[in-house]
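331 is the number of the first residue of the sequence shown in our numbering; add one for each residue after it. Beta carbons are placed, not taken as given, at the ideal position from N, Cα and C, and that holds for glycine. Predicted model, so just to flag it, every value in this text is computed and none were measured. What follows is one structure encoded as structure tokens, with my remarks underneath.
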Amino acid sequence: MPELPEVETIRRSLAPLVEGRRITALEIRDPRWCAPLAPEEIADAVVGRTIEALSRRGKWLVYELEGEVFLITHLRMTGAFLYDADDDAPYERVRIGLSDGHELRFCDPRRFGTGELAFGAPALDDFFASRVGLEPLGDDLNGAVLHALTRGSRAPIKAFLLDQKRVAGVGNIYADEALFRAQIHPLRRAGTLTRAQTETLAGTVRDALTAGLAAGGATIDDFRHPDGVSGAFQNEFLVHRREGEDCPRCGGEIVKFVAAGRGTYVCERCQPRPRGVRRPSRAPRGARSGQP
Ligand SMILES: [Zn+2]
Numbered sequence: 331m332p333e334l335p336e337v338e339t340i341r342r343s344l345a346p347l348v349e350g351r352r353i354t355a356l357e358i359r360d361p362r363w364c365a366p367l368a369p370e371e372i373a374d375a376v377v378g379r380t381i382e383a384l385s386r387r388g389k390w391l392v393y394e395l396e397g398e399v400f401l402i403t404h405l406r407m408t409g410a411f412l413y414d415a416d417d418d419a420p421y422e423r424v425r426i427g428l429s430d431g432h433e434l435r436f437c438d439p440r441r442f443g444t445g446e447l448a449f450g451a452p453a454l455d456d457f458f459a460s461r462v463g464l465e466p467l468g469d470d471l472n473g474a475v476l477h478a479l480t481r482g483s484r485a486p487i488k489a490f491l492l493d494q495k496r497v498a499g500v501g502n503i504y505a506d507e508a509l510f511r512a513q514i515h516p517l518r519r520a521g522t523l524t525r526a527q528t529e530t531l532a533g534t535v536r537d538a539l540t541a542g543l544a545a546g547g548a549t550i551d552d553f554r555h556p557d558g559v560s561g562a563f564q565n566e567f568l569v570h571r572r573e574g575e576d577c578p579r580c581g582g583e584i585v586k587f588v589a590a591g592r593g594t595y596v597c598e599r600c601q602p603r604p605r606g607v608r609r610p611s612r613a614p615r616g617a618r619s620g621q622p
């Protein structure tokens, strides 16, 4: 599933190709993409309008159109925007024609990706107010803020980080990588982190995301850049998907278990298990890390 660095990678490569272009056609081949809106409602709202900006909030990509019309899209598990793809692009759900003659296609094998509309900036703000929390790549997320947010929380810190309403865009890969870098066990209760640990963790969340961004995202499952190129961050994971390998810090064994419903990778020498928490049963070898 694309996480924040993957979505931001897409945004950065797509923005110069679409900004300033007018949408000349919108063909929705799979009405489930925009349900409950009808495909004609989306087309009526966006066709003829210029894309002023392509922005991102959490893992949503927002086509900001002239007249404060916003087309809000989410890639979910397997969605990808492809620029000038071959005519037989598989799993095509949406096709967008641009005024410079180029075409954008939304391809999505598992069909969980979505398209929605907001009219006016207040409606856009309302849309995100109930869905996404702090933006971790900006200045919003710092140790003091994370410390305040976690007070009173009995949730394991990994589950806390995965909650999009708390911190936007951090998924399974980057939660594992950030917690390892901060030497914090994923099952540690969020509310018990010290002020110093929240400071460290705010920094390592940003570090892990920034490293992912620098590598063009991680290519796992179906993630693709709009030009079909793949990201390389999967080659730089410190612990994620490295079960049985040596910890890059201490040489101990990286183990995998299930936490927050997700395949979770730790070095329990570097990330001491909290007192009173039993070692979770290890996930079966070969289980997908993206398991629900
Ligand atoms: Zn270690």
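Less than 7 angstroms between C-beta atoms, sequence neighbours within five positions excluded: which residues of the same chain meet that for residue i?
i    : result
V607 : L517
V376 : I353, L356, L395, V399, L401
P622 : Caution is warranted here: a pLDDT of 36 is assigned to P622, below 50, making its placement in the model unreliable, and the coordinate value is therefore given only provisionally. Answer for P622: G591, listed in chain order.
On the premise that residue j lies in contact with residue i, defined as a C-beta separation below 8 angstroms, what is that separation, rounded to the nearest angstrom?
i    : j    : result
S429 : T354 : 5 angstroms
A512 : T534 : 4 angstroms
L405 : V337 : 7 angstroms
E507 : V585 : The Cβ separation is near 15 angstroms, so there is no contact.
Can you tell which of the options has its C-alpha closest to the C-alpha of residue i?
i    : options                : result
P604 : G561, A415, P486       : P486
P420 : D360, L447, A365, N472 : D360
A520 : A478, N502, A548       : A478
P466 : R484, R579, T524, K495 : K495
C437 : D418, F411, G445       : F411
A383 : R351, Y413, A373       : R351
G409 : A365, G378, V475, P556 : P556
S385 : V348, G443, G501       : V348
L311 : A590, A548, P452, R362 : In this structure the chain extends from 331 to 622, so residue 311 is not present and cannot be described.
W390 : D418, I426, G463, A368 : G463
V392 : R362, A451, R423       : A451
V497 : G482, P369, N472       : N472
Expressed to the nearest angstrom, what Euclidean distance is found between the alpha-carbon atoms of residue i and residue j?
i    : j    : result
V399 : P610 : 48 angstroms
L531 : S560 : 28 angstroms
A541 : F567 : 10 angstroms
A617 : G468 : Note that A617 scores a pLDDT of 49, beneath 50, so its modelled location is shaky; the value from the coordinates is reported in the next line. Their Cα atoms are separated by approximately 34 angstroms.
E583 : F458 : 40 angstroms
R571 : Y595 : 7 angstroms
T522 : L334 : 26 angstroms
D416 : R592 : 35 angstroms
T403 : E598 : 38 angstroms
R435 : I358 : 10 angstroms
F510 : R342 : 28 angstroms
R440 : M331 : 11 angstroms
S619 : G397 : Its pLDDT being 45, under 50, S619 is placed unreliably in this model, and the value from its coordinates should be taken loosely. Each residue's alpha carbon lies about 43 angstroms from the other.
P602 : K488 : 14 angstroms
E371 : D414 : 25 angstroms
A368 : T444 : 13 angstroms
H515 : G378 : 51 angstroms
For residue i, which of helix, strand or coil comes out of DSSP?
i    : result
Y504 : helix
P361 : helix
A478 : helix
R572 : coil
T444 : strand
P335 : helix
A589 : strand
R379 : coil
F411 : strand
Quick one: what's got a C-beta closer than 8 angstroms to residue i's C-beta in the same chain, skipping five residues either side?
i    : result
D276 : Because the chain is modelled from 331 through 622, residue 276 falls outside the range shown and cannot be assessed.
Closest Cβ-Cβ distance between residue i and chain B: below 7 angstroms?
i    : result
V535 : Although the question refers to chain B, the structure presented lacks it and comprises just one protein chain.
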